[in-house]
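Heads up: the structure comes next, in structure tokens.
Number of protein chains: 2
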Amino acid sequence: MEKLPTIKEIAKRLNVSVSTVSRALSDHPRIGLGTKLKIKQLAEELGYEPNAQAIFFKQKKTFVIGVVIPFIREEFFSQAISGIEAAAMEHQYTILFGQSHDDPEREKAVVEAMKKQRVDGLIISLSKQTNKYEHLEALNKFEIPVVYFDRVPPFKEAHKVFCNLYKGTVDMVGWLFNKGYRRIAFINGPDKLNASKERMNGYIEGISKQKLKVDMQMVEKTDLSKESTHNAMKKLLALKHPPTAIITFNDYVHMDAVQFAQKQNILVNKDIVFVSYANLPITSYTAFPPLVSVEQYPYGQGERAMELMIKILNEKTDNKIINTSFYVEEMPATLVAYQQTIS
Amino acid sequence: MEKLPTIKEIAKRLNVSVSTVSRALSDHPRIGLGTKLKIKQLAEELGYEPNAQAIFFKQKKTFVIGVVIPFIREEFFSQAISGIEAAAMEHQYTILFGQSHDDPEREKAVVEAMKKQRVDGLIISLSKQTNKYEHLEALNKFEIPVVYFDRVPPFKEAHKVFCNLYKGTVDMVGWLFNKGYRRIAFINGPDKLNASKERMNGYIEGISKQKLKVDMQMVEKTDLSKESTHNAMKKLLALKHPPTAIITFNDYVHMDAVQFAQKQNILVNKDIVFVSYANLPITSYTAFPPLVSVEQYPYGQGERAMELMIKILNEKTDNKIINTSFYVEEMPATLVAYQQTIS
DNA sequence: TCAGCATGCGCAAACGATTGTGCAGCTTTA
DNA sequence: TAAAGCTGCACAATCGTTTGCGCATGCTGA
């Protein structure tokens, strides 16, 4: 069992100083060619690799970015993290991973742990329940930049990457209208989510734009649990004039809604058509994927969030001038019709 | 913008030495009560938190475990990583995350990056293509323990956690036999995967146990791509006596196989029944989930892998005696009938 | 009264690497 | 031929923290 070789070890074996070894390995011009060669050869032999911990410790930089998301098992987030990882690798960064499980306490604990690890920055998609931001503002105070993505905070003073679903929702209502649907219902998410407000505004605008009347009986809410969604469906189906089209908050709500409709012997996408958000690959395997989806590009969001982070970090080291402005990146949400892979 | 406070800063403000501050904060008995109080109070005020980078650097420990998996988007792995994370948090460890994308080159690159970050240990599920292990043996050489899970290497000299699917497969064949099926086909994964061999042996044993004859025409292979699975299905359906039951390598192969069957206007689970491995939550949303599945407990595997890792690390610090034996943990794979949630 | 011990704290080395400075010895140039 | 410049290397400080050792001071007991 060998120890990982150090610069010291090389110096001792070759009877030179550690500084000479350090400079030789980084091709410093003031080191003689012969010495360089000897050193590099021995380094190669020993399988020397610089101790990142030591370097980063001295440079006060770790090249580690913390990433906190609600649930990795949600495909949206696993795709997002893939985008983050891809961008990170390209710039020699590594990522520390943590889940909040949509619990603010756990979110706080994870963020603390990452702060202890002295991550260079934090990329986070907030937990549904998060309404206090002290644990995150604490990071700002200590010059650890935070980039939010998808589930971003309501205030302006933050770097964010997100999809604005307003326009996508307007388009979706328009699409349904053009297909002849008039009784368009909407199962929205929790009020406090920004994403819910955007969708809601888009829905109202979309309905109005088609000269239809907004009927609040057609709007239900779910806390995103299966029971809650089933409950919303129950109410919609009990209406005197039940909807002929249902827009659901996301693909998971979609699947739960479809499940409920089937239980009621409703012919999905015949009696009632279902459309949704997210366009996740798994839906292509389900019996009744949304006829049309608002694509939110999770991979792209993750990628952009990471690139933004790197940009911020570079600015921090380059200019000593503290940049007090915040980056806000709004990505387009586009309407995607379901690709018929079956039959 | 404040800097993160250091022990030095506290020492300067209180006109004591850094060693006194360090000892005071860790309740050393030789530090006076009054001094301790003053120091602790100021530390609290400044929001002091020890610089983990510095401590770990000195202690040659990072409390970071590298985790490398093929694809986070596969539910099996996202569940596994949740188990790993849960166990890690419980013991104050954090996890560095990387994906191999089933590419040995990328796997190597990720492992190298983690080695540079001086992770305390590495938990890995091998890429499908990995058949050289130098990049991982390099870690062993430098006393960075490696725990493999699920996709484990063929050799003995390794810590492993996995499900042996042999018995599960025997049981599955038995289940089908009891239900009256006799022409039981099998779409297996790539030969080089251990998991394929286990399943194959189980299949053969299962068939023989029921006094049926093993018909190699009933056994097809897939490289796990959709095309390859469709191709395997094509061959099976073209047989003079096509199967009445099909065992697929995993839930993704299952979904692709079902998709193909539907294209051929075959009544799934009526003309042919499909059974599979993994029992992933998403299959409950699909039109035709496997009638029965061999549950592989990804969360449990991840959890156990992490616990094993911590055990190994503790042994390393406790006894200076190097433990040369390897831990091999075989988890039971149990047969699970599909929970009918629809209708 | 003084050795001996406990108390309370500071000094300095160490972890692995980077980097400014200094100092030889050699070569160049006026 | 001596000042000036270049070449090739070593020394030492530094990052934040821990920890063995040592040095005062005050107290105890014989």
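Residue numbers (full-length UniProt numbering), protein chains in the order written: chain A, 1 to 343; chain B, 1 to 343.
Every residue, glycine too, gets a C-beta built ideally from N, C-alpha and C.
Everything numeric in this text was worked out from a predicted model, so none of it was measured.
Are the Cβ atoms of PHE57 (chain B) and GLN53 (chain A) separated by less than 8 Å?
To locate residue 57 (chain B), count along the second sequence from 1; it is residue 57. To locate residue 53 (chain A), count along the first sequence from 1; it is residue 53. Yes, the pair counts as a contact, with Cβ atoms nearer than the cut-off.
Is the CB of residue 352 (chain A) under 8 Å away from at least one CB in chain B?
The first residue shown for chain A is 1 and the last is 343, placing residue 352 (chain A) beyond what the model contains.
Decide yes or no for the touch test of the region 87–96 of chain B against the region 28–42 of chain B: beta carbon pairs closer than 8 Å, at least 3 of them.
They do not touch, by the three-pair rule.
Taking contact to mean 3 or more Cβ pairs, one atom from each stretch, closer than 8 Å, check whether the region 146–163 of chain A and the region 325–333 of chain A are in contact.
With the cut-off at 8 Å, the region 146–163 of chain A and the region 325–333 of chain A touch.
Beta strand (DSSP E) containing TYR277 (chain A): first to last residue?
On the first sequence, position 277 is the one that residue 277 (chain A) refers to. Looking at the DSSP string, the run of the beta strand (DSSP E) that includes TYR277 (chain A) is 273–278.
Just verifying my parser: in three-state terms, what is the DSSP assignment at LEU37 (chain A)?
Taking the first residue of the first sequence as position 1, residue 37 (chain A) is located at position 37. DSSP places LEU37 (chain A) in helix when its eight states are reduced to three.
Which bits of chain A does THR286 (chain B) rub up against, with CB to CB less than 8 Å?
Counting from 1 along the second sequence, the entry for residue 286 (chain B) is found at position 286. TYR285, THR286, ALA287, listed in chain order.
Excluding the five sequence neighbours on either side, which residues of its own chain have a C-beta within less than 8 Å of the C-beta of GLY300 (chain B), listed in chain order?
For this step, residue 300 (chain B) is matched to residue 300 along the second sequence. Cβ within range, chain order: GLY83, MET331.
Select from the region 251–269 of chain A all residues with a C-beta closer than 8 Å to any C-beta belonging to chain B, and list them in chain order.
Of all residues in the region 251–269 of chain A, MET255, GLN259, GLN262, LYS263 have a Cβ within less than 8 Å of some Cβ in chain B.
Identify the continuous beta strand (DSSP E) that holds ALA245 (chain B) and give its terminal residues.
By 1-based counting over the second sequence, the position of residue 245 (chain B) is 245. First-last of the beta strand (DSSP E) with ALA245 (chain B): 245–248.
Taking only the alpha-carbon atoms, compute the straight-line gap between GLN210 (chain A) and HIS101 (chain A) and give it to the nearest angstrom.
Position 210 of the first sequence, counting from 1, holds the residue named residue 210 (chain A). Position 101 of the first sequence, counting from 1, holds the residue named residue 101 (chain A). Using only the alpha carbons, I get a separation of about 40 Å.
For ILE144 (chain A), does the three-state DSSP call read helix, strand or coil?
Within the first sequence, residue 144 (chain A) is the residue found at index 144, counting from 1. Coil at ILE144 (chain A), not helix or strand.
Apart from the five residues just before and just after VAL152 (chain A), which ones in its own chain have a Cβ nearer than 6 Å to its Cβ?
Numbered from its first residue, the first sequence carries residue 152 (chain A) at position 152. Cβ neighbours of VAL152 (chain A) beyond the five flanking positions: LYS160, PHE162.
Three or more C-beta pairs closer than 8 Å, one from the region 185–198 of chain B and one from the region 247–260 of chain B: is that the case here?
Counting Cβ pairs under 8 Å, three or more are found: they touch.
Measure from the C-beta of ILE7 (chain A) to each C-beta in chain B and report whether the shortest distance is under 8 Å.
Position 7 of the first sequence, counted from the start, is the residue given in the question as residue 7 (chain A). Answer no: the Cβ-Cβ gap between ILE7 (chain A) and chain B never drops below 8 Å.
Please classify residue 347 (chain A) as buried or exposed, where buried requires at least 16 neighbouring CB atoms within 10 angstroms.
Because chain A in this structure spans residues 1 to 343, residue 347 (chain A) falls outside the shown range and cannot be described.
Please classify MET216 (chain B) as buried or exposed, where buried requires at least 16 other C-beta atoms within 10 Å of its C-beta.
If you number the second sequence from 1, residue 216 (chain B) lands on position 216. Burial call: exposed.
What number of angstroms, rounded off, separates the C-alpha of GLU205 (chain A) from the C-alpha of MET172 (chain A)?
As a working mapping, residue 205 (chain A) is identified with position 205 in the first sequence. As a working mapping, residue 172 (chain A) is identified with position 172 in the first sequence. Approximately 11 Å between the Cα atoms of the pair.
Output the boundary residues of the beta strand (DSSP E) element that contains GLY66 (chain A).
If you number the first sequence from 1, residue 66 (chain A) lands on position 66. 64–69 is the span of the beta strand (DSSP E), which, as asked, contains GLY66 (chain A).
Under DSSP, the beta strand (DSSP E) around MET331 (chain A) begins and ends at which residues?
Position 331 of the first sequence, counted from the start, is the residue given in the question as residue 331 (chain A). Unbroken beta strand (DSSP E) run through MET331 (chain A): 328–331.
Which whole-angstrom value is the C-beta distance of GLN41 (chain B) and PHE71 (chain B), which I expect to be below 8 Å?
Here residue 41 (chain B) corresponds to residue number 41 of the second sequence, with the count starting at 1. Here residue 71 (chain B) corresponds to residue number 71 of the second sequence, with the count starting at 1. Going by Cβ atoms, the distance from GLN41 (chain B) to PHE71 (chain B) rounds to 50 Å, so no, they are not a contact pair.
Taking the alpha carbon of LYS263 (chain B) as the point to measure from, which residue in B:LEU237, B:ASN250, B:VAL18 has its own alpha carbon closest?
Against the second sequence, residue 263 (chain B) aligns to sequence position 263. If we check each option's Cα against that of LYS263 (chain B), B:LEU237 comes out closest.
According to DSSP, simplified to helix, strand and coil, what is GLU9 (chain A)?
As a working mapping, residue 9 (chain A) is identified with position 9 in the first sequence. Three-state result, GLU9 (chain A): helix.
Using 8 Å as the threshold, is the C-beta distance between MET233 (chain B) and ALA278 (chain B) below it?
Looking up residue 233 (chain B) in the second sequence gives position 233. Looking up residue 278 (chain B) in the second sequence gives position 278. Taking 8 Å as the Cβ cut-off, MET233 (chain B) and ALA278 (chain B) do not qualify as a contacting pair.
Hey, does ALA52 (chain A) have any beta-carbon neighbour from chain B nearer than 8 Å?
Stepping through the first sequence from its first residue, residue 52 (chain A) is reached at position 52. ALA52 (chain A) counts as touching chain B.
Please report how far the alpha carbon of LEU313 (chain B) lies from the alpha carbon of GLU307 (chain A), in whole angstroms.
Numbered from its first residue, the second sequence carries residue 313 (chain B) at position 313. Numbered from its first residue, the first sequence carries residue 307 (chain A) at position 307. Computed Cα separation, rounded: 35 Å.
Taking the alpha-carbon positions, what's the VAL294 (chain A) to SER276 (chain A) distance?
Sequence index remark: in the first sequence, residue 294 (chain A) carries index 294 (1-based). Sequence index remark: in the first sequence, residue 276 (chain A) carries index 276 (1-based). Distance between the alpha carbons of VAL294 (chain A) and SER276 (chain A): 7 Å.
Which whole-angstrom value is the C-beta distance of LEU96 (chain B) and LEU96 (chain A), which I expect to be below 8 Å?
Position 96 of the second sequence, counted from the start, is the residue given in the question as residue 96 (chain B). Position 96 of the first sequence, counted from the start, is the residue given in the question as residue 96 (chain A). Between LEU96 (chain A) and LEU96 (chain B) the Cβ distance is about 6 Å, and since that is below 8 Å, they are a contact.
On a Cα-Cα basis, can you pick out the residue from A:ASN265, A:TYR48, A:PRO104, A:VAL16 that is closest to ILE124 (chain A)?
Your numbering for residue 124 (chain A) matches position 124 in the first sequence. Nearest option by C-alpha distance: A:PRO104.
Check for me: the beta strand (DSSP E) holding ASN178 (chain B) runs from which residue to which?
Taking the first residue of the second sequence as 1, we reach residue 178 (chain B) at position 178. Careful: ASN178 (chain B) lies outside any beta strand (DSSP E), inside the alpha helix (DSSP H) at 165–178.
Should ALA337 (chain B) go down as buried or exposed, given a rule of 16 or more other Cβ atoms within 10 Å for buried?
Position 337 of the second sequence, counted from the start, is the residue given in the question as residue 337 (chain B). ALA337 (chain B) should be labelled exposed.
Grouping DSSP H, G and I as helix and E and B as strand, with all else coil, what is SER293 (chain B)?
Position 293 of the second sequence, counted from the start, is the residue given in the question as residue 293 (chain B). Reduced to three states, the DSSP call for SER293 (chain B) is strand.
Tell me which residues of the region 84–98 of chain A have at least one Cβ-Cβ distance to chain B shorter than 8 Å, keeping chain order.
Listed by position, the residues of the region 84–98 of chain A near chain B (Cβ gap below 8 Å) are GLU85, MET89, GLN92, THR94, ILE95, LEU96, PHE97, GLY98.
According to the neighbour-count rule (16 or more other Cβ atoms, all chains shown, within 10 Å of its Cβ), is PRO281 (chain A) buried or exposed?
In the first sequence, counting from the first residue as 1, residue 281 (chain A) sits at position 281. So PRO281 (chain A) counts as exposed.
Taking the alpha carbon of GLU198 (chain A) as the point to measure from, which residue in A:TYR181, A:THR169, A:VAL292 has its own alpha carbon closest?
Stepping through the first sequence from its first residue, residue 198 (chain A) is reached at position 198. For GLU198 (chain A), the nearest C-alpha among the options comes from A:THR169.
Consider the C-beta atom of ASP102 (chain A) and the heavy atoms of the ligand HEM; say whether any pair is separated by less than 7 Å.
The ligand HEM is not part of the structure shown, which contains no ligands of any sort.
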